[in-house]
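Participant: Mapping of the first sequence onto UniProt numbering: position 324 corresponds to residue 324, and the numbering continues sequentially without gaps. Idealized CB from N, CA, C, for every residue including glycine.
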Amino acid sequence: MINITFPDGAVRPYEAGVSALDIAKSISEGLARKVLAAKINGEVWDATRPIKTDATLQLLTWDDLEGKSTFWHSSAHLLAEALEAIFPGTKFGIGPAIEKGFYYDIDLGDRQITEEDLRKVEVKMAELAKKASVYQRRDVPKAEALAYFNAKEDPYKIDLLQNLEDGKITFYTQGQFTDLCRGPHIPNTSFIKAIKLTSIAGAYWRGDEKNKMLTRIYGVTFPNAKELEEYLYLLEEAKKRDHRKLGKELELFTFSEKVGLGLPLWLPKGAMLRERLQAFLQKAQMDSGYLPVVTPHIGSKQLYVTSGHYEKYGKDSFQPIHTPEEGEEFLLKPMNCPHHCEIYKASPKSYKDLPVRLAEFGTVYRYEQHGELHGLTRVRGFTQDDAHLFCRPDQVKEEFMKVIDLVLYVFKSLNFTDYTAQISLRHQTDRSKYIGTDANWDLAEQAIIESAAEKGLNTVVEYDEAAFYGPKLDFMVKDALGRKWQLGTIQVDYNLPERFELEYIGADNQKHRPVMLHRAPFGSLERFIAVLIEHVAGKFPLWLAPVQVKMLPISDKSQAYAEKVAELLKKSEIRFEIDDRNEKIGKKIRDTELAKIPYMLVLGEKEAADNVVAVRRQSKGDIGAMPLEQFIHLIQEEVNSRIAAE
RNA sequence: GCUGUUGUAGCUCAGGGGUAGAGCACUUCCUUGGUAAGGAAGAGGUCGUGAGUUCAAUUCUCAUCAACAGCUCCA
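1) Between R33 and the rest of its own chain, which residues show a CB-CB distance below 8 Å, the 5 nearest in sequence each way excluded?
2) Quick check on DSSP: helix, strand or coil for I23?
3) Return the residue from the list A346, T363 and H322 that minimises the CA-CA distance to H297.
4) Where Q422 and I529 are concerned, what is the direct C-alpha to C-alpha distance, given to the nearest angstrom?
5) If you pair each beta-carbon of the region 119 to 134 with each one of the region 179 to 197, do three or more pairs fall below 8 Å?
6) Under three-state DSSP, which class holds N3?
7) Compare the C-alpha of S190 against each of M213, F171 and P223 and name the closest.
8) Here's a check: name, in chain order, each residue in its chain whose Cβ is nearer than 8 Å to the Cβ of N458, leaving out the five neighbours to either side.
9) Which word fits S75, buried or exposed, when buried means at least 16 other C-beta atoms lie within 10 angstroms of its C-beta?
10) Any chance you could list the beta strand (DSSP E) runs of at least 3 consecutive residues sitting entirely within the region 475 to 520, in chain order?
11) Any idea if Q446 is buried or exposed, counting beta-carbon neighbours within 10 angstroms, 16 or more meaning buried?
12) So the alpha helix (DSSP H) C391 belongs to, where does it begin and stop?
13) Tell me which same chain residues have a C-beta within less than 6 Å of the C-beta of R513, skipping the five on either side of it?
14) When the Cα of I186 is compared with those of W72, I343, H535 and K131, which residue comes out closest?
15) Measure the CB-CB distance between D464 and H427 and report whether it falls below 9 Å.
16) On a Cα-Cα basis, can you pick out the residue from Y290, A80, A38 and I86 that is closest to F102?
17) G488 and F475: beta carbons closer than 9 Å?
18) How many Å lie between G624 and V615 at the Cα?
19) Taking F253 as the reference, give the member of T53, F361 and F382 with the closest Cα.
20) Three-state secondary structure (DSSP) at I217?
21) Just the C-alpha distance for K550 and V613, rounded to the nearest angstrom, thanks.
22) Return the chain-ordered list of same chain residues with a C-beta closer than 7 Å to the C-beta of T82, the five sequence neighbours on each side being excluded.
23) T306 and I343: beta carbons closer than 9 Å?
24) Does the distance from the C-beta atom of L628 to that of N611 stay below 9 Å?
25) From what residue to what residue does the beta strand (DSSP E) around A132 run?
26) What residue from N188, R206 and S199 has the CA that sits closest to K157's CA?
27) In terms of residue numbering, what span does the beta strand (DSSP E) encompassing V353 cover?
28) Using DSSP with H/G/I as helix, E/B as strand and the rest coil, what is E465?
29) Leaving out five residues before and five after C341 in sequence, what residues of the same chain have Cβ atoms less than 7 Å from its Cβ?
30) Taking L408 as part of the beta strand (DSSP E), name the residues at either end of that continuous run.
31) Could you check which residue in D179, M516, L108 and N41 has the C-alpha nearest to that of N336?
32) How many angstroms separate the CA atom of K345 from the CA atom of I435?
33) Bridge partners of M551, per DSSP?
34) Report the rounded CA-to-CA distance for E328 versus H339, giving the unit in angstroms.
35) Check whether the Cβ atoms of R276 and L525 lie closer than 9 Å to each other.
36) Applying the criterion that 16 or more other CB atoms from any shown protein chain within 10 Å of the CB defines a buried residue, is P292 buried or exposed?
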């Protein structure tokens, strides 16, 4: 008999050789039907694999991340089985689970696969899934494995086998298909109820462009049809919310080939949105003791040689700007921090002056690879809501906490309620690649961990993810469609104070080196606005909406009244437009609704006579007539409370 | 940067070896209309750019640029 420890701490005896599935059955049949895999002593196993020693057990279902990835990995095998049935002789690369689904890289020889073929493959997969083929695990000696794939003439699997140790090789077979695979897999194919092959793409073998290009088929599967429907709905919704599409429709920004790739042009409405966001953060920063600074868009190359950025990124960046003066070279600034270091140095600092918090909406230029440019999320010129905090080592934690507060305030104000924080620390053992003393690193890492804990953040710790110059905390937010985006970041830096020889005079009258914190709650305005557009589907909260109110005169008889109302709105700093086109009211309302403008005022002779405005709220409809003062009050209330749209 | 797909009016798109079409937007006129599309007329395009094949290229071929998707990258 062996002892199995359950997640709740309960320990129960079982026959040696029992499987997780057997154990699930002993609890309830319903549970057994849901089990996809199991975590045995922290390792994910097949639910059917015999357990021979004492172990801790956690059953994995569709609700667990590992359950899902096992499910999708098994689906990749099902895809392979279907492909082999339809296209005999297909060579297989790798077929892993990914964040949302799975893919399989295949070599079809001279054959081309089309979208229509995918539909056929889906049908075949569904047919094979119904057979409830068991995923059979088998240990295979290396020689036998090589012989198998030699016979199958599959060069990719042979390539994979070269790197595997004899005695640790396993095959999985389901139905007619056998694959080299570490596993684990779901009990049988019948769990896969809903199948969607989403796209075909090229991908190099082992991700190396020197290798052959394989065909990659992406897919996603679900344990029931409803989840697939939801997934398809989200895909469609994501398409509708795409910031590139909405940016064009709502006249927020554009690009011009003449101006250059990845260099966004902000249209008046987009610029208004940007300025509202900046004003919002500026106010919050002012309240938190930040000092605004302004620095130029270029800087001497020497500045970046000093900072070390030139050495690290110089070749891959915009090349230096030359001047008529021989030997002078300038760089478009890729970062604001070196400039800010020089501002810090402009006057001697006492320990009493610290922390010094320098803030700037600094526009930086980075030569992103051509293929990486994407809407506003990856551009070559963008504005960081940057700030650098210069503090004493003993102030790091307190400053960190304050920055966390600021970031959370920003998220809350913009209605991002679901976020996690990733703490990126040094490699656990290898410390060779980091700059700064161990004592300072320990201090900073502790500071981050403690502040995150004290703020009650939902955190993930990642080792070996720190920058060479210091540990960091990144905020990942989930948008309204559940997609994750990395936004704000807080980083500790020991490198730049060293390189720029920053100092302060301590209470001991000795020179000391300050610690620097980089932080950006938005990250970049471009990227943040892109995420915001998709999060709110273009329906900005009133406090950000480029146009808050659209006035719709019923006919030109009401034009004068609209202009009178306009005067008063202007005095109250409300952003409005008048639709004075020769159109009927229904048409004006429709166009304004589609432009996602929060409020409409329908103004006719009736309103003029009663001295009121007839208010209509975007996507809610008519909310009745009221005196103008009351409407203005309503707007101001909504702006001040930063209520989210809808 | 690599691979694939695409490039026709401001936008969304149809077409196709004999120099172009729709809807929306725009202009003018009629209409002065009450809570999601009133009517008519008009204007607007070297069919991404360059070269080749052809009597003839926007259409076919090649190159190039850009967008999109994927891969690699991101201070």
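Facilitator: With the given structure in hand:
1) Counting from one through the first sequence, the residue named residue 33 turns up at place 33. Counting only Cβ-Cβ distances below 8 Å, and skipping sequence neighbours, we find nothing.
2) As a position in the first sequence, residue 23 is number 23, starting the count at 1. DSSP places I23 in helix when its eight states are reduced to three.
3) Counting from 1 along the first sequence, the entry for residue 297 is found at position 297. Among A346, T363 and H322, the Cα nearest to that of H297 belongs to T363.
4) On the first sequence, position 422 is the one that residue 422 refers to. On the first sequence, position 529 is the one that residue 529 refers to. Taking the straight line from one Cα to the other gives about 22 Å.
5) Short answer: they touch.
6) On the first sequence, position 3 is the one that residue 3 refers to. The answer is strand: DSSP assigns N3 an E or B state.
7) The residue given as residue 190 occupies position 190 in the first sequence. Nearest C-alpha to S190: P223.
8) Here residue 458 refers to the residue found at position 458 when the first sequence is read from its first residue. Sequence-distant partners of N458 (beyond 5 residues in either direction) whose C-beta falls short of 8 Å from its own C-beta, in its chain, are Y419, T420 and A421.
9) Counting from 1 along the first sequence, the entry for residue 75 is found at position 75. S75 should be labelled buried.
10) The qualifying runs are 484 to 493 and 515 to 520.
11) Start at 1 with the first residue of the first sequence, and residue 446 comes out as number 446. Q446 counts as exposed, since fewer than 16 other C-beta atoms from the protein chains shown sit within 10 angstroms of its C-beta.
12) For the purposes of this step, residue 391 is identified with residue 391 of the first sequence, where counting begins at 1. C391 -> not in any alpha helix (DSSP H); beta strand (DSSP E) instead, spanning G381 to C391.
13) Counted from its first residue, the first sequence places residue 513 at position 513. Closer than 6 Å at Cβ, skipping near neighbours: P497.
14) Counting from 1 along the first sequence, the entry for residue 186 is found at position 186. Measuring from the Cα of I186, the nearest candidate turns out to be W72.
15) As a first step, residue 464 is located in the first sequence; it is residue number 464 there, counting from the start. As a first step, residue 427 is located in the first sequence; it is residue number 427 there, counting from the start. Yes, the Cβ-Cβ distance between D464 and H427 is below 9 Å.
16) Here residue 102 is taken as the residue at index 102 of the first sequence, counted from 1. The candidate whose alpha carbon is nearest that of F102 is A80.
17) Indexing the first sequence from 1 puts residue 488 at position 488. Indexing the first sequence from 1 puts residue 475 at position 475. Yes, the pair counts as a contact, with Cβ atoms nearer than the cut-off.
18) The residue given as residue 624 occupies position 624 in the first sequence. The residue given as residue 615 occupies position 615 in the first sequence. Rounded to the nearest angstrom, the two C-alpha atoms are 6 Å apart.
19) Along the first sequence, read from residue 1 onward, the residue named residue 253 stands at position 253. It is F382.
20) Residue mapping note: residue 217 aligns to position 217 of the first sequence, counting from 1. I217 falls in the strand class under three-state DSSP.
21) Position 550 of the first sequence, counting from 1, holds the residue named residue 550. Position 613 of the first sequence, counting from 1, holds the residue named residue 613. Looking at the two C-alpha atoms, the distance is approximately 12 Å.
22) Mapped onto the first sequence, residue 82 falls at position 82. The sequence given here has Ala at residue 82, not Thr. Taken in chain order, the residues that qualify are V121, K124, M125 and L128.
23) As a first step, residue 306 is located in the first sequence; it is residue number 306 there, counting from the start. As a first step, residue 343 is located in the first sequence; it is residue number 343 there, counting from the start. No; because the gap between Cβ atoms is not below 9 Å, this pair is not in contact.
24) As a position in the first sequence, residue 628 is number 628, starting the count at 1. As a position in the first sequence, residue 611 is number 611, starting the count at 1. Yes; because the gap between Cβ atoms is below 9 Å, this pair is in contact.
25) The sequence position of residue 132 within the first sequence is 132, counting from 1. Unbroken run through A132: none, as it is neither H nor E.
26) Translated into positions along the first sequence, residue 157 becomes position 157. Here the closest residue by C-alpha is R206.
27) Looking up residue 353 in the first sequence gives position 353. A quick correction: the sequence has Asp, not Val, at residue 353. Segment: none, D353 is in no beta strand (DSSP E) and carries neither H nor E.
28) Locating residue 465 in the first sequence gives position 465, where the first residue counts as 1. Residue state, collapsed to three classes: coil.
29) Sequence index remark: in the first sequence, residue 341 carries index 341 (1-based). Here C341 has L496, F500 and L502 as same chain residues with Cβ atoms under 7 Å from its own Cβ, once five neighbours each way along the sequence are excluded.
30) Taking the first residue of the first sequence as position 1, residue 408 is located at position 408. No beta strand (DSSP E) holds L408; the alpha helix (DSSP H) holding it covers V396 to S413.
31) For the purposes of this step, residue 336 is identified with residue 336 of the first sequence, where counting begins at 1. For N336, the closest C-alpha among the options D179, M516, L108 and N41 is that of M516.
32) Looking up residue 345 in the first sequence gives position 345. Looking up residue 435 in the first sequence gives position 435. Taking the Cα positions, K345 is about 21 Å away from I435.
33) Working through the first sequence from its first residue, we reach residue 551 at position 551. M551 is bridged to I578 and L601.
34) Residue numbering aside, residue 328 sits at position 328 when the first sequence is read from its first letter. Residue numbering aside, residue 339 sits at position 339 when the first sequence is read from its first letter. Cα to Cα, E328 sits roughly 18 Å from H339.
35) For the purposes of this step, residue 276 is taken as residue 276 along the first sequence, with counting starting at 1. For the purposes of this step, residue 525 is taken as residue 525 along the first sequence, with counting starting at 1. No; because the gap between Cβ atoms is not below 9 Å, this pair is not in contact.
36) Sequence index remark: in the first sequence, residue 292 carries index 292 (1-based). Exposed, by the Cβ-count rule.
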